[in-house]
Amino acid sequence: MLKIKDLHATINGKEILKGIHLEIKPGEVHAIMGPNGSGKSTLSSVLAGREEYEVTKGTVEFNGKNILDLSPEDRAREGIFLAFQYPIEIPGVSNINFLKTAINETRAYQGKEPISAKEFLAMVKEKSALVELDSKLANRSVNEGFSGGEKKRNEIFQMAMLNPKLAILDETDSGLDIDALRIVASGVNKLKTPKNATVVITHYQRLLDYIVPDFVHVLYNGKIVKTGTKELALELEEKGYDWIKNDTINA
Amino acid sequence: MTTTELSKKDKFLSVFSSQDYSDEENYYISLRTQAKEELKNLDFPTSKNEYWKYTRLGKISNSDFCLGKQESIDINSFLIPDLDATVLVVVNGYLDESLSSKIQQNGVTVCSLSHAKKTNQDSFSKRFNKNTASKNELFLTINNAFHSDGIFIEIDRNHIAEKPFHILNITTSNQSATISRNVFISQPNSKLKIVESFVNLNGEANFQNHVSEIFVEENAHLEYNKIQEKSNNNFSVTTEQVQQKANSNFTINTATFSGALVRNNLNVEIEAENCETHLYGLYLAKNKDHIDNHTVIDHKEPHCNSFEVYKGVLEDESTGVFNGKVFVRPNAQKTNAFQQNNNILLNDTATIYSKPELEIYADDVKCSHGSTTGQIDDVAIFYLQSRGIGKQSALKLMISAFAKDALDKISIEPLHDFINLKIEQRFE
Ligand SMILES: Nc1ncnc2c1ncn2[C@@H]1O[C@H](COP(=O)(O)OP(=O)(O)OP(=O)(O)O)[C@@H](O)[C@H]1O
Ligand SMILES: [Mg+2]
Numbered sequence: 001m002l003k004i005k006d007l008h009a010t011i012n013g014k015e016i017l018k019g020i021h022l023e024i025k026p027g028e029v030h031a032i033m034g035p036n037g038s039g040k041s042t043l044s045s046v047l048a049g050r051e052e053y054e055v056t057k058g059t060v061e062f063n064g065k066n067i068l069d070l071s072p073e074d075r076a077r078e079g080i081f082l083a084f085q086y087p088i089e090i091p092g093v094s095n096i097n098f099l100k101t102a103i104n105e106t107r108a109y110q111g112k113e114p115i116s117a118k119e120f121l122a123m124v125k126e127k128s129a130l131v132e133l134d135s136k137l138a139n140r141s142v143n144e145g146f147s148g149g150e151k152k153r154n155e156i157f158q159m160a161m162l163n164p165k166l167a168i169l170d171e172t173d174s175g176l177d178i179d180a181l182r183i184v185a186s187g188v189n190k191l192k193t194p195k196n197a198t199v200v201i202t203h204y205q206r207l208l209d210y211i212v213p214d215f216v217h218v219l220y221n222g223k224i225v226k227t228g229t230k231e232l233a234l235e236l237e238e239k240g241y242d243w244i245k246n247d248t249i250n251a
Numbered sequence: 001m002t003t004t005e006l007s008k009k010d011k012f013l014s015v016f017s018s019q020d021y022s023d024e025e026n027y028y029i030s031l032r033t034q035a036k037e038e039l040k041n042l043d044f045p046t047s048k049n050e051y052w053k054y055t056r057l058g059k060i061s062n063s064d065f066c067l068g069k070q071e072s073i074d075i076n077s078f079l080i081p082d083l084d085a086t087v088l089v090v091v092n093g094y095l096d097e098s099l100s101s102k103i104q105q106n107g108v109t110v111c112s113l114s115h116a117k118k119t120n121q122d123s124f125s126k127r128f129n130k131n132t133a134s135k136n137e138l139f140l141t142i143n144n145a146f147h148s149d150g151i152f153i154e155i156d157r158n159h160i161a162e163k164p165f166h167i168l169n170i171t172t173s174n175q176s177a178t179i180s181r182n183v184f185i186s187q188p189n190s191k192l193k194i195v196e197s198f199v200n201l202n203g204e205a206n207f208q209n210h211v212s213e214i215f216v217e218e219n220a221h222l223e224y225n226k227i228q229e230k231s232n233n234n235f236s237v238t239t240e241q242v243q244q245k246a247n248s249n250f251t252i253n254t255a256t257f258s259g260a261l262v263r264n265n266l267n268v269e270i271e272a273e274n275c276e277t278h279l280y281g282l283y284l285a286k287n288k289d290h291i292d293n294h295t296v297i298d299h300k301e302p303h304c305n306s307f308e309v310y311k312g313v314l315e316d317e318s319t320g321v322f323n324g325k326v327f328v329r330p331n332a333q334k335t336n337a338f339q340q341n342n343n344i345l346l347n348d349t350a351t352i353y354s355k356p357e358l359e360i361y362a363d364d365v366k367c368s369h370g371s372t373t374g375q376i377d378d379v380a381i382f383y384l385q386s387r388g389i390g391k392q393s394a395l396k397l398m399i400s401a402f403a404k405d406a407l408d409k410i411s412i413e414p415l416h417d418f419i420n421l422k423i424e425q426r427f428e
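Okay, here's the thing in structure tokens:
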């Protein structure tokens, strides 16, 4: 589904991603861990098409298509979804309005008719229940005045509404209390199918008890320095990153 | 024999010399005469005049104007959908009773300004022209001298108006000049909402000089919504002269959708304690529009709150001017004054001059002001794009949201919807 080869990216001339290789197949869950500043959010922004980042080398294929030349909106329409580490507040733009526009522009891209008002409302009801998002929040301006946890839930609500093929969740667990974590994780699990894939970026092994990964990668200094199964996350939790850092220095 | 060439001002004023006021009472004629005297010492202000620094008047002073001609008018296209209001139609400065609603509202006196002068009720005569005389300001003085007609609304003590009044202020013909005037009086403990739309029909390069004298008495609530939507190449200079008494609440929402030259002078004098004042404004300028809002809030007494938010979106080669003066006089302790002006420039060629001016002479007050000018937030655009919304639609969503926020406090729902729709259509 997603093939990243030797991806290098810079911002303001500073190289942040220094040769990422990653392959993700349908139905898989990948976790990416790594110390602060290692480039996890940069990788997700680059995949989503943020223009501030310049890709200097490498390729990214999504379902056989080179996506690096696509605009952010076309990547989204192709089925890539990014749950932001820091969701943006957009005063005056209602959640509902914006999701309807997003869904209809995606449908137009796929040559489909706009969604009917009835179908849309039914979907809002169903998907907001899935992440237990207060229906009042669905009607408010995008993230405006939302608590940290509400913003994260809203990201997953949007993901549920847009039904992506590949979802990248950038620290969706941070700022969530235990109950919210369970709700969000079970929302993500319910949305899982053999056809779609999920990337969870996290600092905490805790989340991976709920969303069980097939692979765990460690990103350090712009590179994936270690890949393993879910046991790797436990090991990291126990030993911290120094162990990996020393390993890579010695290597 | 020598002939002196007419000055631009005299030529401009000569347009109105044919207006006939002879059936007015002597008292009202004497007010006009006094203003005409004052005009001898006034001229079109230049950019050297601080008050007019960013707004040049050549487009007005160099034009040849005439009086608007009568035309048959279908007001339907100017009505606000679903707005249940008493509609008053003013055409080229005169009330047109045949086009206006006939039904009277209980507890509210409504008539033409000229009729108010004839009946000469005490409440009217003691207020009329009181706060506008001898202000040393050209357009206001011209209005004092040459106003044609307009609307008088007075709501009685202890009354709540059943529904809003909607004044349709229409100008017609090419290069017509109109000088109109309203007087609104909110008697104690009353509640009244007024909408006034300024529109034009079949006319290019109209000029309108409009004044509203507004009196908000003790404990009265007045909301005035001013919608300026004259099509391109129109010139307007308008003044609201507002006076608030104790415990009163005044709100004005000004929406300006276009204008070759629009200058709004909004002056609020807060004369007593515990008043609340809300000034909200939105201006959307494109092409070579020039939209200038000058506001003055004068806090004279303690324990009053004023809130002011003006927002502008400027495109093409348009220019916006915002100047917001807030005076807090020595006596006005415990004043809260909040002011904000936010602008978005959609092109490099658009310009905004934004100047908040606070003059505070009392020590125990809370005053804040802020002015921002920017482009649309890139990160927010990216967020919308990352959900599958195209860049252009994302921009439109953001601009509409920014603009809608300015007039979000309009309490008349159909008007609120109407304004929001106009904003959306504008950025489609
Ligand atoms: N605009 C920028 N200019 C310069 N450096 C930047 C810019 N944006 C990010 N960086 C740098 O890129 C590096 C990677 O940042 P990134 O946000 O991808 O890290 P992260 O792995 O997501 O960290 P965290 O765990 O704290 O979220 C950091 O060193 C950061 O300072
Ligand atoms: Mg990050």
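One line per chain: the protein sequences are S and R, in this order.
Quick note on numbering: the first sequence equals residues 1 to 251 in the working numbering.
Quick note on numbering: the second sequence equals residues 1 to 428 in the working numbering.
The beta-carbon is built from N, C-alpha and C at its ideal position, and this holds for glycine as well.
Near ligand 1: residue i beta-carbon under 6 angstroms from a heavy atom
i              : result
N12 (chain S)  : yes
S318 (chain R) : no
S38 (chain S)  : yes
I432 (chain R) : The question about residue 432 (chain R) has no answer, for chain R in this structure spans 1 to 428.
I16 (chain S)  : yes
Residue i Cβ short of 6 angstroms to ligand 3 heavy atom set
i              : result
A233 (chain S) : As for ligand 3, it is missing from this structure, which binds only ligand 1 and ligand 2.
Residues sharing a beta bridge with residue i, DSSP
i              : result
N225 (chain R) : R:V195, R:N253
C304 (chain R) : DSSP, once it has assigned bridges, lists no residue as partnering C304 (chain R).
P356 (chain R) : R:G324
D317 (chain S) : With chain S represented from 1 up to 251, any question about residue 317 (chain S) goes unanswered, as that position is not in the structure.
M123 (chain S) : In the DSSP output, where bridge partners are listed per residue, M123 (chain S) has none listed.
G370 (chain R) : R:Q340
S141 (chain S) : S:S94
A9 (chain S)   : S:L17, S:V55
A401 (chain R) : BP columns for A401 (chain R) are empty, so no partner.
K226 (chain S) : S:V218
T86 (chain R)  : R:F165
Q244 (chain R) : R:V216, R:I270
H115 (chain R) : None, per the DSSP bridge assignment.
A283 (chain R) : Correcting the residue identity first, residue 283 (chain R) is Tyr in this sequence and not Ala. Paired residues: R:T256, R:G312.
H290 (chain R) : R:T319
N209 (chain R) : R:I179, R:V237
V110 (chain R) : R:I153
A31 (chain S)  : S:V200, S:V216
R426 (chain R) : For R426 (chain R), which the question treats as bridged, DSSP gives no partner whatsoever.
R263 (chain R) : R:V237, R:D292
> Going along the chain, which residues put their C-beta within less than 7 angstroms of some heavy atom in ligand 2?
Replying inline: S:K40, S:S41, S:Q85, S:D170, S:E171, S:I201
> Okay, do the stretch 279 to 290 of chain R and the stretch 255 to 271 of chain R touch, 3+ Cβ pairs below 8 angstroms being the bar?
Replying inline: yes
>> Quick check for students: name the residue ranges of the beta strand (DSSP E) that lie wholly in the stretch 121 to 204 of chain R, counting only runs of 3 or more.
In response: 151 to 155, 165 to 172, 176 to 186, 191 to 201
> Which runs of the beta strand (DSSP E), 3 residues or longer, sit entirely within the stretch 49 to 105 of chain S?
Replying inline: 53 to 62, 80 to 83, 90 to 94
> For the stretch 66 to 83 of chain S against the stretch 100 to 113 of chain S, are there 3 or more C-beta pairs whose distance is under 8 angstroms?
Replying inline: yes
> For the 8 angstroms Cβ check, are there 3 or more pairs between the stretch 382 to 398 of chain R and the stretch 89 to 102 of chain S?
Replying inline: yes
> Do the stretch 18 to 31 of chain S and the stretch 118 to 138 of chain S make contact, defined as three or more Cβ pairs closer than 8 angstroms?
Replying inline: no
> Using 8 angstroms as the Cβ pair cut-off and three pairs as the minimum, do the stretch 372 to 392 of chain R and the stretch 42 to 49 of chain R touch?
Replying inline: no
>> Which complete beta strand (DSSP E) runs does the stretch 28 to 65 of chain R hold, if anything under 3 residues is left out?
In response: none
> Should the stretch 328 to 336 of chain R be regarded as contacting the stretch 344 to 364 of chain R, the criterion being three or more beta carbon pairs within less than 8 angstroms?
Replying inline: yes
> Is the stretch 341 to 357 of chain R touching the stretch 308 to 327 of chain R in the sense that three or more CB pairs, one from each, lie closer than 8 angstroms?
Replying inline: yes
>> Count Cβ pairs between the stretch 30 to 38 of chain S and the stretch 195 to 204 of chain S that sit closer than 8 angstroms; are there 3 or more?
In response: yes
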